[in-house]
Amino acid sequence: MPDAAYGVRMRVLVSGGAGFIGSHTVIQLIAAGHDVLIVDNFANAKPTVIGRLESIIGGHLQVHAFDLRDADQTERLFAHERIDAVIHFAGHKAVGQSIKQPLAYYENNLGSTFVLVAAMARHGVSKLVFSSSATVYGANATVPMKEDFPTSATNPYGWTKVMIEQILCDVAVAQPSWRIALMRYFNPVGAHASGTIGEDPSGVPNNLLPYICQVAVGRLEKLRIFGDDYDTPDGTPLRDYIHVEDLAAGHVAALARLTSTDRAVSTWNLGTGTGTSVFNMLHAFERAVGRELPYEVVGRRTGDIAASYADPGRANAELGWTATRTIDDMCVDAWRWQSQNPNGYPDA
Ligand code: WQD
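Here our numbering is used: position 243 in the sequence shown is 240, and no number is missing along the way.
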């Protein structure tokens, strides 16, 4: 069996592997020479994504369809399968929903992590890459954001990420052989170049790019721009949009780094280091579609901040990883997925 492109070939359990970022990471893990097992409860993903993934990789994927909060099924998985490392994506991730349903968010995101990490400890699995978020920098961080900034949150979703980061730091103290990576994403967008997998939010999208995609395919009437009176070049907020393929590559690089680092917990920003405004993202998408898209400037959305973008210098230096795809690449790839799949993944 070939060694993984980055060195040691591993058998990697990907929780939430049927999701947007998880599915793209599965493709790149396999391309790098790793074996992959997916565990997903399909609460926020369609089973049809698996067939799409198998077509891309040209092979079969091992999928375990259950909820990580189920301790018995999780124990059976770790007892019966050799697992060398875990990439943990599974979790609820909608900021607005978390404000309305805080207990559901804490119970799901923390509960699933408790069960997963306990099973890892029982079975000697000591490498973990955790899907965290730039939201842990809170509402008052300066830009560009650096990994040594203090963490806080302004919503239950963000607090689950802050709390899980702390929990994993404490686990690392208790388990000195563990190697843990905390990956802080900024704004993942785009899709695999095949156009057969992509972002497929359930219901009306909260995030900018999937909303624009659905306007472009006629599922939504127009984009509402939440405020153009921020202290930014064009008045709309700046965000560090990163292509999901660059994000996936960052996870493969972080996993490889865990086989060689002697640091118990590593934190890495995965971003481009550049802030892009809402208007600039809209106009980039119009270039991809080849026509103007309808929008209306409305009031600010509660909780939004003017600017959020990464200092990716540590990941660049320590992982040998850099985001390479441009805003136009992100929009072209997102549009290919959405135009080929106007209603997202089929139900069956
Ligand atoms: C981006 C910009 C909006 C929708 C969120 C989470 C964060 C992370 C990424 C998980 C903002 C504007 C948006 C719309 C708009 N998720 N916008 N009209 O808020 O930066 O981050 O997703 O980790 O945790 O907070 O992303 O895409 O919602 O918004 O004008 O219909 O687009 O005001 O300026 P955000 P977003």
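Quick reminder that beta carbons are idealized off the backbone N, C-alpha and C, glycines included.
Item                                                                                                                                                                                : Value
Might you give, ordered along the chain, the residues of its own chain that have their beta carbon closer than 6 Å to the beta carbon of Asp81, omitting 5 neighbours on each side? : Met7, Arg8
Mapping DSSP to helix, strand and coil, what is Thr264?                                                                                                                             : strand
Less than 7 Å between the CB of Phe282 and some heavy atom of the ligand WQD, yes or no?                                                                                            : no
Skipping 5 residues on each side, what residues in its chain have a beta carbon closer than 6 Å to that of Ala42?                                                                   : Ala15, Gly16
My assumption, with CB atoms under 8 Å, is that Ala250 sits in contact with Tyr182. Please give the rounded CB distance.                                                            : Their Cβ separation, rounded to whole angstroms, is 14 Å, which puts Ala250 and Tyr182 out of contact at 8 Å.
With burial defined as no fewer than 16 other Cβ atoms inside 10 Å of the residue's Cβ, what is the status of Leu100: buried or exposed?                                            : exposed
Is the CB-CB distance between His85 and Phe127 below 8 Å?                                                                                                                           : yes
Which term fits Pro(-1), buried or exposed, when burial requires 16 or more other beta carbons within 10 angstroms of its beta carbon?                                              : Any reading at Pro(-1) must be qualified, since the residue scores a pLDDT of 42, below 50, and its modelled position is unreliable; the value itself is stated next. Classification of Pro(-1): exposed, given that the 10 Å Cβ count is below 16.
Compare the C-alpha of Leu179 against each of Tyr227, Met117, Ala188, Leu252 and name the closest.                                                                                  : Leu252
Report buried or exposed for Asn152, applying the criterion of at least 16 other Cβ atoms within 10 angstroms of its Cβ.                                                            : buried
Is DSSP giving Asp142 helix, strand or coil here?                                                                                                                                   : Note that residue 142 corresponds to Met in the displayed sequence, not to Asp. Of the three classes helix, strand and coil, the one that applies to Met142 here is strand, per DSSP.
Hey, quick one: how far does the alpha helix (DSSP H) through Ile53 stretch, first residue to last?                                                                                 : 45 to 54
If distances are taken between C-alpha atoms only, which option among Pro339, Asp32, Gly55 comes closest to Leu217?                                                                 : Pro339
With a threshold of 8 Å, are at least 3 pairs of Cβ atoms found where one atom belongs to the segment 129 to 146 and the other to the segment 102 to 121?                           : no
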